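Student:
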Amino acid sequence: MSEKNPAGGKVPNRVGKYVLGRELGAGSSGRVFLSHDPYFDRDVAIKLYLLEDGLSESRRRARRQPFFNEAKLAGRLRHPNILPILDAGEEGSIGYVAIEYLPGAESLKSWIQPDRLLPVATVVGIVFKLARAIEYAHRMDVIHRDIKPSNVLRSPDGEVYLIDFGIAVHAGGLQEETGDKPTLAGSPSYMAPELI
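Residue numbering for the sequence shown follows the UniProt record's numbering, beginning at 1 and increasing consecutively.
(1) Helix, strand or coil: how does DSSP classify F40 here?
(2) Looking at the secondary structure, which residues open and close the alpha helix (DSSP H) in which R139 lies?
(3) To the nearest angstrom, how far is the alpha carbon of A74 from that of K17?
(4) Could you give the residue range of the beta strand (DSSP E) that holds A62?
(5) Based on DSSP bridge pairs, tell me the residues matched to S107.
(6) Return the bridge partner residues of G89 from the DSSP annotation.
(7) Counting C-beta neighbours from all protein chains within 10 Å, is the total for Y101 16 or more, i.e. buried, or is it exposed?
(8) Using CA coordinates, which residue listed in A98, L153 and R139 is at the minimum distance from V32?
(9) Rank R14, D157, L20 and L48 by C-alpha distance to the C-alpha of G30 and give the top, closest one.
(10) Tell me, please, which residues DSSP counts as bridged to I143.
(11) In terms of DSSP beta bridges, what is K148 paired with?
(12) Are the segment 131–140 and the segment 83–96 touching by the rule of at least three beta carbon pairs closer than 8 Å?
Laid out in structure tokens, this is it:
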């Protein structure tokens, strides 16, 4: 594989013990690949955080922050509607997070199109499950900060999973951050109005 990524670095053939396969998607903080864990003989999704070459150490630290957030905060969450993080690591300028792979899952973004709307009863069930996942994360002092359709997966059997804790914060960290000049984090179309 070893192709060039938009940030200027190379996408390796493997990271840690994981053999990278085809790209599943990309977001603002990285790219996700279908990968294989040879030790457990299972497929996983690997999210790569690729850093540009030539960044100063302070910029490098800032760009790695989503990786550390996701690994530290979401890695300790265990809830049936939060997609579990299985592993995380760093190799050179690449950080990676191994996430459970859900074959055939789609983000809710694909289900909000006028010709693909879900029945109201199904939507109510999705909202209920997500509310339970969010409430659990809050009890664990984790605030997601980017809940939107593309960060919710729906599996073929109808289960829903909250994903992408890259800009999540510890509740105590949010209190420190929201001093005189709060940092805008999240997707404005899905943020509470008072945060914009």
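Note that CB positions come from ideal geometry on N, CA and C, so glycine has one too. None of the values given here were measured: they were computed from a predicted structure.
Tutor: Quick look at the numbers:
(1) Position 40 of the sequence shown, counting from 1, holds the residue named residue 40. F40 falls in the coil class under three-state DSSP.
(2) As a first step, residue 139 is located in the sequence shown; it is residue number 139 there, counting from the start. For R139, the enclosing alpha helix (DSSP H) begins and ends at V120 to R139.
(3) Position 74 of the sequence shown, counting from 1, holds the residue named residue 74. Position 17 of the sequence shown, counting from 1, holds the residue named residue 17. Cα to Cα, A74 sits roughly 21 Å from K17.
(4) Taking the first residue of the sequence shown as position 1, residue 62 is located at position 62. That residue, A62, is in no beta strand (DSSP E); its alpha helix (DSSP H) goes E57 to L73.
(5) On the sequence shown, position 107 is the one that residue 107 refers to. DSSP lists L153 as partners of S107.
(6) The sequence position of residue 89 within the sequence shown is 89, counting from 1. Paired residue(s): Y96.
(7) Counting from one through the sequence shown, the residue named residue 101 turns up at place 101. Classification of Y101: buried, given that the 10 Å Cβ count is 16 or more.
(8) Here the question's residue 32 lines up with position 32 in the sequence shown. Taking only the C-alpha atoms, the option nearest V32 is A98.
(9) For the purposes of this step, residue 30 is identified with residue 30 of the sequence shown, where counting begins at 1. The shortest Cα separation from G30 among R14, D157, L20 and L48 belongs to L48.
(10) Counting from 1 along the sequence shown, the entry for residue 143 is found at position 143. DSSP output for I143 lists V169 as bridge partner(s).
(11) Numbered from 1 along the sequence shown, position 148 holds the residue referred to as residue 148. According to DSSP, K148 bridges with nothing at all.
(12) no
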